[in-house]
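Going line by line, the protein sequences match chains V and W.
If you want our numbering, it's the position in the first sequence, counting the first as 1, plus 767.
If you want our numbering, it's the position in the second sequence, counting the first as 1, plus 767.
Input: a single structure, listed below in structure tokens.
Number of protein chains: 2
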Amino acid sequence: MDTYQVDDGWEALGDRTRRAIIECLAERPRAVGELAAQLPVSRPAVSQHLKVLKDAGLVIEHAAGTRRIYRLNPAGVGALRDQLDTFWNRALTAYKGVVEQPVEERT
Amino acid sequence: MDTYQVDDGWEALGDRTRRAIIECLAERPRAVGELAAQLPVSRPAVSQHLKVLKDAGLVIEHAAGTRRIYRLNPAGVGALRDQLDTFWNRALTAYKGVVEQPVEERT
DNA sequence: ACGAACGGTAAGCTACTCCTTACCATCGGC
DNA sequence: GCCGATGGTAAGGAGTAGCTTACCGTTCGT
Numbered sequence: 768m769d770t771y772q773v774d775d776g777w778e779a780l781g782d783r784t785r786r787a788i789i790e791c792l793a794e795r796p797r798a799v800g801e802l803a804a805q806l807p808v809s810r811p812a813v814s815q816h817l818k819v820l821k822d823a824g825l826v827i828e829h830a831a832g833t834r835r836i837y838r839l840n841p842a843g844v845g846a847l848r849d850q851l852d853t854f855w856n857r858a859l860t861a862y863k864g865v866v867e868q869p870v871e872e873r874t
Numbered sequence: 768m769d770t771y772q773v774d775d776g777w778e779a780l781g782d783r784t785r786r787a788i789i790e791c792l793a794e795r796p797r798a799v800g801e802l803a804a805q806l807p808v809s810r811p812a813v814s815q816h817l818k819v820l821k822d823a824g825l826v827i828e829h830a831a832g833t834r835r836i837y838r839l840n841p842a843g844v845g846a847l848r849d850q851l852d853t854f855w856n857r858a859l860t861a862y863k864g865v866v867e868q869p870v871e872e873r874t
């Protein structure tokens with residue numbers, strides 16, 4: 768159940784519309800049409816994005832009558848979180864070694 | 768010191784080559800040529816990717832002789848981590864709610 | 001001061017991503 | 001059995017992202 772390609776997860780989140788979908792689903796599970804109603808793209812576009820997100824393991828869908836309810840998949844999101852956590856910790860470690868000079872954060 | 772567009776961060780990580788760069792930099796800071804030597808793309812390509820990563824606030828560079836050393840920027844990576852954390856927590860919460868209550872409630 | 005190392009930028013091409021419209025399949029209510 | 005609602009899929013096109021080669025500026029060593 769972890770077997771998702773984490774890479775796919777990152778690529779899935781690389782798209783702005785898909786991130787918007789993720790944010791919507793973070794609030795609560797929703798049907799496809801409901802998502803499309805709140806996004807600036809057509810319903811088929813949402814369908815396509817949902818397919819990508821599902822393949823990446825970031826969302827789960829289940830049928831409910833004629834509708835399909837999508838919601839976030841904690842496992843998938845958690846996998847990305849863990850990987851980012853690793854980068855973050857290593858960055859902090861490396862940062863410590865160089866702290867002696869006042870880094871100009873931006874530009 | 769933050770004020771990075773988090774969206775830019777996600778889009779930056781959406782590319783496979785850039786993620787490879789991030790992974791390299793997570794190990795230790797490196798120069799441009801050094802990165803290019805370990806990647807399947809040319810040095811100019813690496814330069815372009817580094818520019819994107821820098822604009823997104825994910826890496827910091829400083830000159831060292833004729834070389835430019837790049838390293839991860841904990842602040843930028845941390846910002847993404849926080850946002851992903853939020854999604855993750857909400858996903859867990861929503862998951863709980865669904866398990867306890869039938870989903871028919873809200874559409 | 002000259003040459004070599006290092007790296008950023010310009011220009012151009014290929015390929016892919018994302019969107020739209022049109023169509024079809026499925027489910028539920030009457 | 002029909003009809004409306006819902007949503008997945010196909011086909012096609014516009015825009016852009018990423019790579020390469022070529023070129024130029026800067027810095028260090030001698």
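We treat Cβ as the ideally placed atom computed from N, Cα and C, and that holds for glycine.
Because the structure is a prediction, the values reported are computed rather than measured.
Interface flag, residue 857 of chain V vs chain W, CB-CB below 7 Å: Position 90 of the first sequence holds residue 857 of chain V. At least one chain W Cβ lies under 7 Å of residue 857 of chain V.
With 16 other Cβ atoms within 10 Å as the buried cut-off, status of residue 859 of chain V: Locating residue 859 of chain V in the first sequence gives position 92, counting from the first residue. Exposed, because fewer than 16 other Cβ atoms sit within 10 Å of the Cβ of residue 859 of chain V.
Counterpart residues of residue 836 of chain W in DSSP-defined beta bridges: Locating residue 836 of chain W in the second sequence gives position 69, counting from the first residue. Answer by DSSP bridge pairing, in chain order: W/798 and W/829.
Outcome for residue 786 of chain V when other beta-carbon atoms lying within 10 angstroms are tallied against a minimum of 16: Your numbering for residue 786 of chain V matches position 19 in the first sequence. Classification of residue 786 of chain V: buried, given that the 10 Å Cβ count is 16 or more.
Residues of the segment 778 to 789 of chain W whose Cβ lies closer than 8 Å to any Cβ of chain V, in chain order: 778, 780, 781, 782, 783, 786 and 789
Contact set between residue 793 of chain V and chain W, taken where Cβ atoms lie within less than 8 Å: Mapped onto the first sequence, residue 793 of chain V falls at position 26. Ordered by position in chain W, the residues that pass the 8 Å Cβ test against residue 793 of chain V are 853, 854, 857, 858 and 861.
Within chain W, the residues that residue 841 of chain V reaches when beta carbons sit closer than 7 Å: By 1-based counting over the first sequence, the position of residue 841 of chain V is 74. By Cβ distance, chain W contributes 855, 858, 859 and 862.
Contact with chain V by residue 810 of chain W, beta-carbon distance below 7 Å: The residue given as residue 810 of chain W occupies position 43 in the second sequence. For residue 810 of chain W, the answer is no, since every Cβ of chain V falls outside 7 Å of its Cβ.
Distance, residue 777 of chain W Cα to residue 850 of chain W Cα: Residue mapping note: residue 850 of chain W aligns to position 83 of the second sequence, counting from 1. Residue mapping note: residue 777 of chain W aligns to position 10 of the second sequence, counting from 1. Distance between the alpha carbons of residue 850 of chain W and residue 777 of chain W is about 10 Å.
Neighbour list for residue 817 of chain W in chain V, Cβ cutoff strictly below 9 Å: Locating residue 817 of chain W in the second sequence gives position 50, where the first residue counts as 1. Those do not exist, as residue 817 of chain W stays about 14 Å from chain V at its closest Cβ, beyond 9 Å.
Simplified DSSP assignment, three categories, for residue 819 of chain V: For the purposes of this step, residue 819 of chain V is taken as the residue at position 52 of the first sequence. Reduced to three states, the DSSP call for residue 819 of chain V is helix.
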